[in-house]
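First up is the structure itself, then whatever we jot down about it.
Chains as they are written, first to last, in our numbering: chain A, 1 to 263; chain B, 1 to 440.
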């Protein structure tokens, strides 16, 4: 019995040593031998090659201005006048009862970011803007909906990453669908981060607002986050302007909606 | 489990652990969106469902009022009901979101009216995010049928709040001065209406000329000034009870007082010879306290919403400008430094802006706003004669009156972004509006 235990112990020890050595070997195989005394060779980012790829595309595209939405005509209810001064009636107090929520998809969380003073440039000043009457898209780059095919580069890709032009195309597409929260209190502090999973057909599979806790506590943030998510789900912006051959690069996208630098 | 098996399991775990970084190493694509559009949100509001003809009529009326409220705010557009693809009972159980998306509806309001055995109405609604296919809010209200219009405003407020984050302002009223008759014999009476121009009522007879009504921020109570036989008198009027009290005879008062945020005090100015100073009066004790003491004109005072500060106009620096000071009269700061003069400052209920009036360089007048430190000055409205700005209780919309060279004064609203100026319909000429707080 004692002998058996001793054998067991020695077996365990050798197994442990063997396992440790195997781990070490695996780590060396995976990470390579450590360079303890010589500095690592500097690593060159492949960024310069991307710049070459831009030449295959052009940022110049036909501008298809969005139709400005005319403000809805004011309702013209026929006001009643009572000739005699009527004693004002005490109106019944009306209490709200929350309805039970139907089964629904879980809501993704969002994150907000602060805005700066430049944001106020979006606001109208009649002393400066005489002829402008209706709200205009704030983005001068109100191009037509990007055709995703345009994003496809014809030359063989040097890297599989999205080029700056391709990212810009997506950015401009979503900008046309994002209704910015101007006029809201502290609107400059309403930056929202949303992570989306994208289907292979470039439609949004799922959009998750990152800062879920603020969704619960801050009604302004919740409204801004919902508005940002509506931009991503908007049929006007579907499918997303993405190069179909780079699915691995865009199957998950981290969007930040930041109104601070508007204009 | 034998030692060998345990080791094998350990080894496999180790392999899995070592392989994990390979898949996680893929970084997400990061995109910053820093530009967008500013346009109204398309919303679909089908008639609320009612099983009986009577309920269905209320359902149509309520949906119309809700739709008009939201559209008038400028932040929403209503989708034409003629294009609706789904109505009635089936909407309540399961909206077909793909059909509503085709209409470009971003929000969908679905409601139902049910007459209760006790004679009241149950009005319920759900607000849906059409793109995300999620309910944003759902509420029910019980009320007497004659109150249907108020319920509609309350529903509109709930939708407005959920989508914009701000409190609504539709369940509110406006008091104003209704003007009739020729210029030589102008009759100015006190009138009240819902914020959408409905339920207009005249509150005073024509014997006294009524001026500058002001709403209490906490109660359905107003102050106003009335001239009886050329003598000015300040009244306190409770709209719900109809009770009217005389606050006092102030021969040297030019505007009606404004309430302090707690509703227990009013602030006003009294002229004395060529000067004018600011005073407060406790409404319970009628005790008066002088706040400013100088040899200049200090007038048109208005409290900040926290009651800690006061803004007013004064010519102490040589021209009429806007100043702020602590509620006790200390720490006086001039905040308006633009070209020309500034007057009648009114602090926003949300505290971030002060509205004012100002003559323009071309002989017109502006209604403008600036921050309490004087920065961010913008002009929101212009006219031959624009005056009397009053804030909606959420601080998002301003109402004022505008007289375009002899056409007679009319009431207008404008969003604080400077967009969406609209006339508020009144049966007569109208001036000096005052916006109520949300109804209790």
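The beta-carbon is built from N, C-alpha and C at its ideal position, and this holds for glycine as well.
Cβ neighbours of residue i in the same chain (closer than 6 Å, five flanking residues each side left out)
i	result
residue 69 of chain A	Because residue 69 of chain A sits at a pLDDT of 38, beneath the cut-off of 50, its placement in the model cannot be relied upon, and the following sentence gives the value as read from the coordinates. None.
residue 244 of chain A	none
residue 465 of chain B	Nothing can be reported for residue 465 of chain B: it is not among the residues displayed for chain B, which extend from 1 to 440.
residue 335 of chain B	322, 324 and 374
residue 19 of chain B	Residue placement at residue 19 of chain B is flagged as unreliable, the pLDDT there being 45, under the threshold of 50; the coordinate-derived value follows with that caveat. None.
residue 79 of chain B	42, 44, 103 and 105
Residue i: CB within 6 Å of a non-hydrogen atom of the ligand NAD
i	result
residue 367 of chain B	Of the ligands one can find in the structure shown there are none, so the ligand NAD has no counterpart to examine.
Opposing strand residues paired with residue i [DSSP bridges]
i	result
residue 195 of chain A	A:208 and A:254
residue 385 of chain B	B:403
residue 236 of chain A	Per DSSP, none; premise fails for residue 236 of chain A.
residue 258 of chain B	B:267
residue 432 of chain B	Beta-bridge pairing links residue 432 of chain B to no other residue.
residue 309 of chain B	B:326
residue 221 of chain A	None; residue 221 of chain A has no bridge partner.
residue 210 of chain B	B:226
residue 359 of chain B	B:365
residue 31 of chain B	A:255
residue 397 of chain B	B:415
residue 370 of chain B	B:354
residue 274 of chain B	Its beta-bridge partners do not exist; DSSP assigns none.
residue 347 of chain B	B:354
residue 453 of chain B	In this structure chain B extends from 1 to 440, so residue 453 of chain B is not present and cannot be described.
residue 246 of chain B	B:235
residue 230 of chain A	Bridge partners of residue 230 of chain A: none, in fact.
residue 31 of chain A	Partner(s): none; residue 31 of chain A has no beta bridge.
Beta-carbon contacts of residue i that lie in its chain and below 7 Å, excluding the five residues immediately before and after
i	result
residue 250 of chain A	162, 198 and 242
residue 74 of chain B	40, 415, 419 and 420
residue 264 of chain B	282, 283 and 284
residue 186 of chain B	179
residue 96 of chain B	86
residue 320 of chain B	313, 341, 342 and 343
residue 206 of chain B	187 and 189
Proximal residues to residue i (C-beta, below 8 Å), its chain only, five neighbours per side dropped
i	result
residue 150 of chain B	143, 171 and 439
residue 231 of chain B	249 and 251
residue 237 of chain A	145, 173, 174, 176, 177 and 231
residue 442 of chain B	Nothing in the structure corresponds to residue 442 of chain B, since chain B is present only between 1 and 440.
residue 409 of chain B	179, 385, 401, 402, 403, 429, 430 and 431
residue 361 of chain B	339 and 340
Contact belief for residue i with residue j at Cβ below 8 Å, rounded distance in angstroms
i	j	result
residue 338 of chain B	residue 377 of chain B	6 Å
residue 233 of chain A	residue 132 of chain B	6 Å
residue 31 of chain B	residue 253 of chain A	6 Å
residue 49 of chain B	residue 89 of chain B	6 Å
residue 278 of chain B	residue 288 of chain B	Between residue 288 of chain B and residue 278 of chain B the Cβ distance is about 11 Å, and since that is not below 8 Å, they are no contact.
residue 383 of chain B	residue 431 of chain B	Between residue 431 of chain B and residue 383 of chain B the Cβ distance is about 13 Å, and since that is not below 8 Å, they are no contact.
residue 354 of chain B	residue 311 of chain B	5 Å
residue 126 of chain A	residue 379 of chain B	5 Å
residue 188 of chain B	residue 175 of chain B	That belief does not hold up - the Cβ atoms of residue 188 of chain B and residue 175 of chain B are roughly 13 Å apart, past 8 Å.
residue 244 of chain B	residue 237 of chain B	5 Å
residue 224 of chain A	residue 170 of chain A	Not really, about 21 Å apart at Cβ, beyond 8 Å.
residue 36 of chain B	residue 179 of chain A	6 Å
residue 234 of chain B	residue 223 of chain B	6 Å
Problem - beta strand (DSSP E) segments (min. 3 residues) lying fully within the region 157-206 of chain B - result: 173-180 and 187-194
Handout entry: contact_flag[the region 154-171 of chain B, the region 385-401 of chain B] where n(CB pairs < 8 Å) is 3 or more
Key = yes
Problem - Validate contact between the region 155-163 of chain B and the region 190-198 of chain B using beta carbons, cut 8 Å, 3 pairs - result: no
Exercise for the section: Please confirm if the region 58-67 of chain B is in contact with the region 189-207 of chain A, defined as three or more CB-CB distances below 8 Å between the two stretches. Expected result: no
Practice task
Indicate whether the contact test is met: 3 or more Cβ pairs, each with one atom in the region 294-305 of chain B and one in the region 262-272 of chain B, closer than 8 Å.
Solution key: yes
Problem - At least three beta-carbon pairs within less than 8 Å, the region 216-229 of chain B to the region 251-259 of chain B - result: yes
Practice task
Mind listing, in chain order, the continuous alpha helix (DSSP H) runs of no fewer than 4 residues lying wholly within the region 41-86 of chain B?
Solution key: 53-72
Handout entry: Any alpha helix (DSSP H) of 4 or more consecutive residues that is wholly inside the region 98-131 of chain B
Key = none
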